[in-house]
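For reference, the structure discussed in these notes is given below.
Residue numbers (this note's numbering), protein chains in the order written: chain A, 916 to 1157; chain B, 1487 to 1641.
Rendered as structure tokens:
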């Protein structure tokens, strides 16, 4: 793992990974979404609004995957003090928050015609809104830690602890529709089984792969930017000292 | 950091153990909280709950369950409907006046907001609950039951 401790090595890898992930992700998601809008038949009950699923569900998965990335980066930061871990966690926060917001917005748009309301305070919706607020907290905290780099790495460790504590929300989101009666439907896709017809399932899975690749590409792009920022700041500091 | 002359535990391993202990405590706390919330965090009561422990008359609650097949009747005023919400264990009659959501049909899920008046649940608002099944509107790959429902819908 410490092979990548050297940012130069990571940057060499990132240079070709980033465009590859972004382009393939965009192509796959555009293809899946176009197929979902133009080809897929309407649902038996929901009609045309079923198409929102192709954005909503991958966005929900990526919103949760974003915080899982933060949690893993937090462990690596706290235990191994890996120099890239704090940067990876910080880089995953904004795309994760964006996908979470997309999931909440599209879910709300779908809920109005389907349930008859924009929003309800049931277990799933509430825990997912909490996830968005956790992202806001993490972004603010990691930004403050970044600005405080001169004061040692203490800020990064506080951010990592916050990332780890916030991870408790991920299993709660996942189980919320099972533990508590909720208006949101229970999981359609469980280990090896799917209550989603194949016509809907395949574009959904391809859209999810595409969204994931875009997420990976954005995280790497942001890591490059953050590393460049740190280098520029260090250079300025050295110049000020001289 | 990697060499430790005193032969004690490496700091790296110490931190790893600390993190694992903290994670176990965290997950335990989360599970306990979720368990304690199990009743309060539910969005609605199911009919069995209402029969087992009837809530106060007139207190605002939500009732969720399946609209029983064949129970949906429209009164002569045209906007008041009566139906029965069941969960396989108990059945509660519901009265509602107003516009129903598009997905409100017999044999599908519903969440009604309202209160108990006598033995009847009087709803102010209906929310249609969509289940986890996603089925295209093609007759070809439908079960006879679903096909019948679509025919009934389009007529």
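Every residue gets a Cβ at the ideal spot worked out from N, C-alpha and C, and that includes glycine. All figures in this text were calculated on a predicted structure; none of them were measured in a lab.
| Item | Value |
| --- | --- |
| Supposed contact pair residue 968(A) and residue 1115(A) - C-beta distance, whole angstroms, cut 8 Å | 7 Å |
| Residue-chain proximity (residue 945(A), chain B), Cβ-Cβ < 8 Å | no |
| Chain B contact for residue 1111(A) (CB, 8 Å cutoff) | yes |
| For residue 1607(B), three-class secondary structure by DSSP | strand |
| Nearest-angstrom beta carbon gap, residue 982(A) and residue 1082(A) [assumed within contact, 8 Å] | 6 Å |
| Of the residues 1514(B), 1497(B) and 1502(B), the one placed nearest residue 1086(A), counting alpha carbons only | 1514(B) |
| Contacts of residue 1096(A) in chain B (Cβ-Cβ under 7 Å) | 1528, 1529, 1530, 1532 and 1550 |
| 4 or more residues per run - each alpha helix (DSSP H) lying fully within the segment 1488–1525 of chain B | 1497–1523 |
| Alpha-carbon spacing of residue 1007(A) relative to residue 1601(B), whole angstroms | 46 Å |
| Counterpart residues of residue 1614(B) in DSSP-defined beta bridges | 1596(B) |
| Option in 994(A), 1077(A), 1091(A) and 1048(A) with minimal Cα separation from residue 1039(A) | 1091(A) |
| Chain A residues whose Cβ lies nearer than 7 Å to that of residue 1498(B) | 994 and 995 |
| Coil, strand or helix - residue 1154(A) by DSSP | helix |
| Residue-chain proximity (residue 1118(A), chain B), Cβ-Cβ < 8 Å | no |
| Given 8 Å, three or more beta-carbon pairs between the segment 1558–1577 of chain B and the segment 1496–1513 of chain B | no |
| Rounded Cβ spacing between residue 1618(B) and residue 1110(A) (contact assumed at less than 8 Å) | 5 Å |
| Contacts of residue 1121(A) in chain B (Cβ-Cβ under 8 Å) | The premise fails here: residue 1121(A) is roughly 16 Å from chain B at the closest Cβ pair, so nothing lies under 8 Å. |
| Cβ pair residue 1589(B), residue 1021(A) closer than 8 Å | no |
| Members of the segment 1604–1624 of chain B that neighbour chain A once the beta carbon cut-off is set at 7 Å | 1612, 1613, 1614, 1615, 1616, 1617, 1618, 1619, 1620, 1621, 1622, 1623 and 1624 |
| Environment of residue 1051(A) [buried if 16+ CB atoms lie within 10 Å] | exposed |
| Test item: CB-CB of residue 958(A) and residue 1622(B) under 8 Å | yes |
| Test: residue 961(A) CB closer than 8 Å to a CB of chain B | yes |
| Nearest to residue 1080(A) (by Cα), restricted to the options 1045(A), 1127(A) and 999(A) | 1045(A) |
| Segment contact, 8 Å Cβ cut-off, at least three pairs: the segment 941–956 of chain A with the segment 1135–1150 of chain A | no |
| Partners in chain B for residue 982(A), counting only beta-carbon separations shorter than 8 Å | Neighbours of residue 982(A) on chain B: none; closest Cβ ~14 Å, over 8 Å. |
| Residue-chain proximity (residue 1587(B), chain A), Cβ-Cβ < 8 Å | yes |
| Interface positions of the segment 1550–1570 of chain B facing chain A (Cβ-Cβ less than 7 Å), listed along the chain | 1550 |
| Contacting residues, own chain, Cβ-Cβ under 7 Å from residue 1530(B) (five flanking each side not counted) | 1548, 1549, 1550 and 1597 |
| Any chain B beta carbon closer than 8 Å to residue 1019(A) | no |
| Coarse secondary structure for residue 1014(A), derived from DSSP in three states | helix |
| Spatial distance of residue 1033(A) from residue 1070(A) (CA atoms) | 39 Å |
| Three CB pairs or more closer than 8 Å across the segment 1009–1024 of chain A and the segment 1101–1110 of chain A | no |
| Any C-beta of chain A under 8 Å from that of residue 1577(B) | no |
| Chain A contacts made by the segment 1506–1528 of chain B, where a contact means CB separation under 8 Å | 1508, 1509, 1512, 1513, 1515, 1516, 1520, 1523, 1524, 1527 and 1528 |
| For residue 1555(B) and residue 1535(B), the rounded distance between their alpha carbons | 21 Å |
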